[in-house]
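Peer 1: First the structure, then my questions, so here it is.
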Amino acid sequence: MIGADLRPTDAVERVVGTLPFVLDKKVEGMVHAAVVRSTFPHARIVDIDTEAALQVEGVLTVLTGADLAAESSIDPYFGGARKDQPILAIGKVRYVGDPVALVVAEDKGQAEEAASLVYCEYDELPFVESIEDAMVEGAPAVHDDYPDNACGWGKLRWGDVEQGFDEADLIAEGEYMTPAASHVPMEPFVTIAEWKGNKVEVWTAAQAPHSVRRTLASIFGLEQEDVRVQVLNLGGGYGAKGQTKIEPMAAVAARAVGRPVRLELTREGVFFTIGKHAARIRIKTGVKRDGSLVARLVDVAWNAGAYAVVSPRAVIQGMARAPGPYRIPNVWVDSRAYYTNTVPTGPFRGAMTTQVAWAYESQMDEIANQLGMDPLEVRRRNLLREGDLHPTGQPMHDVHFVELIEDAAAGIEWGDTSDVDLPPNKVRGKGLGVIMKSTVTPSRSEARIELRDDGSVVAYTSSVEMGQGAATTLLQILSHHLGIGTDSIRFVHPDTDVTPFDLTTSSSRTTFSMGAALEEASVELKHELTDLASSLLEASPADLVHEDGGISVVGQPGTRLEYLEILRRSKIEQLDAEGVFQSEGGLDPETGQGVHTIHWHQGAAGVEVEVDLDTGKVEILRCHGTSWAGRVVNPLRARQQNEGNVVWGTGLALFEELVFDEGQMVNPNLSEYLIPSILDMPRQITTREMESSEPDAELHGIGEMVIPALPPAVGNAVYAATGVRIVDLPITAERVLRGVMARRDQS
Amino acid sequence: MAADDPLRSKIVAGGTALVLMMRQGLVAPERLIALKHIPDLDGIEDRGEVVAIGACATVTTVASSPLVSSALPSLAYACRAVANVRVRNVATLGGNLAEADYASDPPAVLISLGAFCEVAGVEGARTVPVADLITGLYTTDLQEGEVITRIVVPKPASGTRANYIKYKSRSSEDRPCVGVASISSTSPDGSIASLSVAVGAVAPTPQHFPDLLEDAIGQRLDDSLAEEIAEAYASRIEPMDDLRGSAWYRTQVIRALVKRSLLDTEVGIR
């Protein structure tokens, strides 16, 4: 089954529109909530007047942060890394969009109308919007507990960078910026919460149901068993739904009114809930004349927004990825996040990697240019190879960067410089990018499977299907290891009362981690079957073989017993087995030395662009995206993932950007925050999902490996075409034109 | 109704603009007066010298009308470039003009073609050139209770060249950063007989300057004349800043695209 183009199990349901989403879920007797949001970036709350809102027909209650703070049975703060985020603002608001009150009404229209009638009186405070604002000494503090706005610091120390720079023939230095962005999942955040006695049940669109359960238990002082979190299919997540978001609001509302409460955010509300870290990356690299890298100093500053979410952990991810997939004997990285009065940020597909890759892959081409070397050659010379040490001290295994960059180059006919007939105002160029990404380590995934005496299998995992294809991929993996057809296997949706623990469906970990848990559960189940069959067949377990859902004595096919016969004859209705994947690791906080990731994700991109010299507009003519898969479970889905990577990366390269002005988010809507449409696609997209020749090679996630390579590949192609180096993403037409005209003025 | 209580009533056609404004809380009418069921307001009619387009004709209807395509190809083209298919199927041409959003495609083309609006109101009917209709950001010459009933577009003489360039600086579904509409006809000796250029999406109202084109009449439309006119437009227009481009950037794009439009070297979107 592994390696087969199994049609997605949910294909028909998706097309005809019957696939269940929490967005479509209705619970008997449910009422609706609407959020009142701050209109100031930073202000003390003087008064919240709920009088008019309470007069609206159908309104049941209006909750404020003060109400929650006064409730001794609730801890009103939560957060994945620090408990710094109030369910509703307490005392002050910290960004435009910060929830300050929650209206609950019989219907959604009433709740929204009443929300517009909640009047908040504020006393404005000075605010910080950018990283630069936040890091200045004496800057306004977003949180009193963190007077310097510090929100996490990752330190990587490897070799002696100063000595490395002394040995270098060339020093390349640069500062690169990447903007805030919005995940824009098609399905907005939506949660239904209902209390049953002292237990709370939520239906929610979340990527990590067990993490939501833990957070709700902590808020309400409950045992985890008293919180039930159920998830259906997600209409996209991309990291946005990775941690607890609106579930606490729905749960406090439901408790207040004693009825099930549904909270669905507006599109604007989605923009105001979570974004991507803007980052400033300063990078200094020492290079020998032959192109070999000898030292790299990286200083990354991440804009965390108003609440930490997981920033203190995420900066460690960004830190380890910041040097890039290169063999560098001396490395020093500081990766620091700062609180600002803007929307909170979190992992965003290609997480904590698109930012640093933009810097190191742009600089790699600048180095090549300064040395007069081919950008492909300078990369090939430095890329990490099997057995090399990563700057965390971890030996590299299963690395294929050289093959990937060569494939990316071949995919766009890198060496081919044959002339094309172009109008005088058009120029073309090619560019490359190659990246490494780690996966969250340590991490844990558990799976449970049940074999029933009708021969069918039910699989319980908390992995979330969000369009990425996990449902089909995991089905194929389980079918492969059990030797049972996919038609006889059913997966249930995540439900923390029923499906065992899984850390999260993110970090491109599900195929590998949950795949491993399912494999272990399969092995366990087969052991149990072997034992049963051994009694039934009066044969030694060592002489029994499993094949296609049955067991026989080796060399005696006539003895074959189907699994269901084994159960029936053993008078067992159901056989259970469990599997666990657990990775171990961790880094020294002062040096970054240790085990950062169980394995490395690897991707590359090659692009060819055409630039209009009159307008600066960049068109991507073709893109070849390539990533290391180890083994491909489903070739069609794998290819679609990489194609999706190209779509995603195109937006980040050319126009996606959340803009802030005076603390206000300028474009919290899809009219002004643009995501790519079909017409923005490269004229030609090709991909490769690279596999090992080993039949049991390790599976690698491939959900986000081309994305971080794409923006720098486009930037490098623009440079090749025009001689203009863009250092700030996105690569807008205006930035390119400014560069083109500046060069024209110089010559 | 709209005239009696203008603050609390809004006239709605396709609703693609008004509903967004209502959702954002920019307007909060208590009453919406729909034009949808008024007969004969959505037809497209050949009146000989002119094409009369009902104000409630959808942008798709205009874009796909064989009459508009053959007689007014630059208008058909601009309507095909509006927003996306979902918006075009609902939005109306009259609504587009009445909204007077600066970041829009049809107004510049209609001005280049010398179109005018038939307007009906409690005081009676009148006609207003499209060039005079849009008076500022989201403001028009329409009086309270007045509605556009028809957009009347003169048919250019045969041999006339007309085009529209929609330049989008970001995604392909973006509004225009700059829109340039031009129309020119030539005398038998090859010199310019008539010329009109309108630039949209760069300032509160579409920009057109007949005085900058007067000297061109009688000359041959070559590279250097096109450049001269483009430079004159780029110098005269004071563009605005928005997320699609700064004022400085728009000036550069105006210079490039007015020239391209005049020389007809590029037609609009890809």
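Note that the protein sequences, when read in sequence, are chains A and B. Heads up, the first sequence is in my numbering, so the first residue is 1 and it goes up one at a time. Heads up, the second sequence is in my numbering, so the first residue is 1001 and it goes up one at a time. Note that the Cβ used here is the ideal one computed from N, Cα and C, for glycine as well. Quantities reported herein were computed from a predicted structural model and do not represent experimental measurements.
With a cut-off of 7 Å, does the C-beta of A733/A fall near any C-beta of chain B?
Peer 2: Chain B, which has a Cβ nearer than 7 Å to the Cβ of A733/A, makes this yes.
Peer 1: Should A1055/B and T1149/B be called a contact, given that it needs their Cβ atoms to be closer than 7 Å?
Peer 2: Result yes, Cβ atoms of A1055/B and T1149/B sit closer than 7 Å.
Peer 1: Quick one: what's W358/A bridged to in DSSP?
Peer 2: Its beta-bridge partners do not exist; DSSP assigns none.
Peer 1: Taking Cβ positions, are N330/A and D84/A nearer each other than 7 Å?
Peer 2: It is not a contact, given that the beta carbons lie outside the stated cut-off.
Peer 1: How long is the line joining the alpha carbons of D166/A and L679/A, rounded to whole angstroms?
Peer 2: One C-alpha to the other measures close to 50 Å.
Peer 1: Give the secondary structure of C1117/B by DSSP, where H, G and I count as helix, E and B as strand, and everything else as coil.
Peer 2: Correct three-state label for C1117/B: strand.
Peer 1: Jot down the residue ranges of each uninterrupted alpha helix (DSSP H) in the stretch 643–677 of chain A, minimum 4 residues, whole runs only, in chain order.
Peer 2: The stretch 643–677 of chain A contains no whole alpha helix (DSSP H) run of 4 or more residues.
Peer 1: On a CA-only basis, which of A1002/B, A1234/B, E1045/B is nearest A1034/B? Give me that one, please.
Peer 2: The option with the nearest alpha carbon to A1034/B is A1002/B.
Peer 1: So for I435/A, helix, strand or coil by DSSP?
Peer 2: I435/A falls in the strand class under three-state DSSP.
Peer 1: Whose CA, out of Q1143/B, D1222/B, A1181/B, lies closest to the CA of S1191/B?
Peer 2: The shortest Cα separation from S1191/B among Q1143/B, D1222/B, A1181/B belongs to D1222/B.
Peer 1: Would you mind working out which of F78/A, R296/A, I192/A sits nearest E162/A, comparing C-alpha positions?
Peer 2: Checking every option, the nearest Cα to that of E162/A belongs to R296/A.
Peer 1: Just to confirm my understanding: we take N425/A, look at its own chain, exclude 5 residues before and 5 after, and list those with CB closer than 8 Å. What are they?
Peer 2: Contacts found: D612, L613, D614.
Peer 1: With H, G and I counted as helix, E and B as strand and the rest as coil, what does DSSP make of P712/A?
Peer 2: Three-state result, P712/A: helix.
Peer 1: Taking contact to mean 3 or more Cβ pairs, one atom from each stretch, closer than 8 Å, check whether the stretch 241–259 of chain A and the stretch 318–334 of chain A are in contact.
Peer 2: Flag = no, the stretch 241–259 of chain A and the stretch 318–334 of chain A do not touch.
Peer 1: Touch check for the stretch 370–379 of chain A and the stretch 726–743 of chain A: three-plus C-beta pairs under 8 Å?
Peer 2: No, the stretch 370–379 of chain A is not in contact with the stretch 726–743 of chain A.
Peer 1: Would A742/A be called buried (16 or more neighbouring beta carbons within 10 Å of its own) or exposed?
Peer 2: Result: exposed.
Peer 1: Does the beta-carbon of G159/A, which I'm using as the reference point, lie nearer than 6 Å to any heavy atom of the ligand NAP?
Peer 2: The ligand NAP is not part of the structure shown, which contains no ligands of any sort.
Peer 1: Taking D1101/B and A1078/B to be in contact with their CB atoms under 8 Å, please state how far apart those CB atoms are, rounded to whole angstroms.
Peer 2: Actually they do not touch by this definition, with Cβ atoms about 14 Å apart.
Peer 1: Can you check whether the C-beta of G1268/B is within less than 7 Å of a C-beta belonging to chain A?
Peer 2: Since pLDDT at G1268/B reaches only 39, below the 50 mark, its modelled position is unreliable, and the value read off the structure follows with that caveat. No - not a single Cβ of chain A is within 7 Å of the one on G1268/B.
Peer 1: Run through chain A and tell me which residues come within less than 8 Å of L1243/B, C-beta to C-beta.
Peer 2: Those within 8 Å of L1243/B in chain A are V659, V666, N667, E672.
Peer 1: Count the C-beta pairs between the stretch 309–317 of chain A and the stretch 73–91 of chain A that are closer than 8 Å, then say yes if the count reaches three, no if not.
Peer 2: The answer is yes - the stretch 73–91 of chain A touches the stretch 309–317 of chain A, with three or more Cβ pairs under 8 Å.
Peer 1: Rounding to the nearest angstrom, what Cα-Cα distance links V1267/B and V427/A in this structure?
Peer 2: Any reading at V1267/B must be qualified, since the residue scores a pLDDT of 46, below 50, and its modelled position is unreliable; the value itself is stated next. Distance between the alpha carbons of V1267/B and V427/A is about 19 Å.
Peer 1: Short check: CB of H210/A to CB of T511/A, under 7 Å?
Peer 2: No. Outside cutoff.
Peer 1: Once DSSP output is grouped into helix, strand and coil, what is the label at P1106/B?
Peer 2: Of the three classes helix, strand and coil, the one that applies to P1106/B here is helix, per DSSP.
Peer 1: Could you check how far apart the C-beta atoms of G630/A and L699/A are, in whole angstroms? I think they sit under 8 Å.
Peer 2: At roughly 5 Å, the Cβ-Cβ gap stays under 8 Å, so G630/A and L699/A are in contact.
Peer 1: With 7 Å as the C-beta to C-beta threshold (strictly closer), list the residues of the stretch 1231–1255 of chain B near chain A in chain order.
Peer 2: The stretch 1231–1255 of chain B vs chain A, Cβ under 7 Å: L1243, G1245, S1246, Y1249, Q1252, V1253.
Peer 1: Can you give me the start and stop residues for the alpha helix (DSSP H) that K155/A sits inside?
Peer 2: Note, K155/A: premise wrong, no alpha helix (DSSP H); beta strand (DSSP E) at 150–158.
Peer 1: Under 7 Å Cβ to Cβ from I2/A, same chain only, skipping five residues before and after it: list those, please.
Peer 2: Hits under 7 Å: Q476, I477, H480, R631, V633.
Peer 1: Mind pulling the chain B residues with CB within less than 7 Å of P676/A?
Peer 2: Chain B residues near P676/A: S1171.
Peer 1: Take K1010/B and list the residues in its own chain whose beta-carbon comes closer than 8 Å to its own, dropping the five residues that flank it on each side.
Peer 2: Counting only Cβ-Cβ distances below 8 Å, and skipping sequence neighbours, we find A1002, L1018, V1027, P1029, R1031, L1032, I1033.
Peer 1: Quick one: Cα of G644/A to Cα of V607/A, how far?
Peer 2: Near 15 Å, if we compare the C-alpha coordinates of V607/A and G644/A.
Peer 1: If you draw a straight line from the C-alpha of Y95/A to the C-alpha of L60/A, how long is it?
Peer 2: Answer to the nearest angstrom: the Cα atoms are 27 Å apart.
Peer 1: For a contact meaning CB atoms closer than 7 Å, what does T615/A contact in chain B?
Peer 2: Going along chain B in sequence order, the residues near T615/A (Cβ under 7 Å) are Y1167, V1253, A1256.
Peer 1: If I measure Cβ to Cβ from S570/A and keep anything under 6 Å in the same chain, skipping five residues before and after, which residues do I get?
Peer 2: Hits under 6 Å: L532.
Peer 1: Please report the distance separating the alpha-carbon of G585/A from that of K526/A.
Peer 2: Straight-line Cα distance between these residues: approximately 30 Å.
Peer 1: From what residue to what residue does the beta strand (DSSP E) around N330/A run?
Peer 2: Unbroken beta strand (DSSP E) run through N330/A: 330–339.
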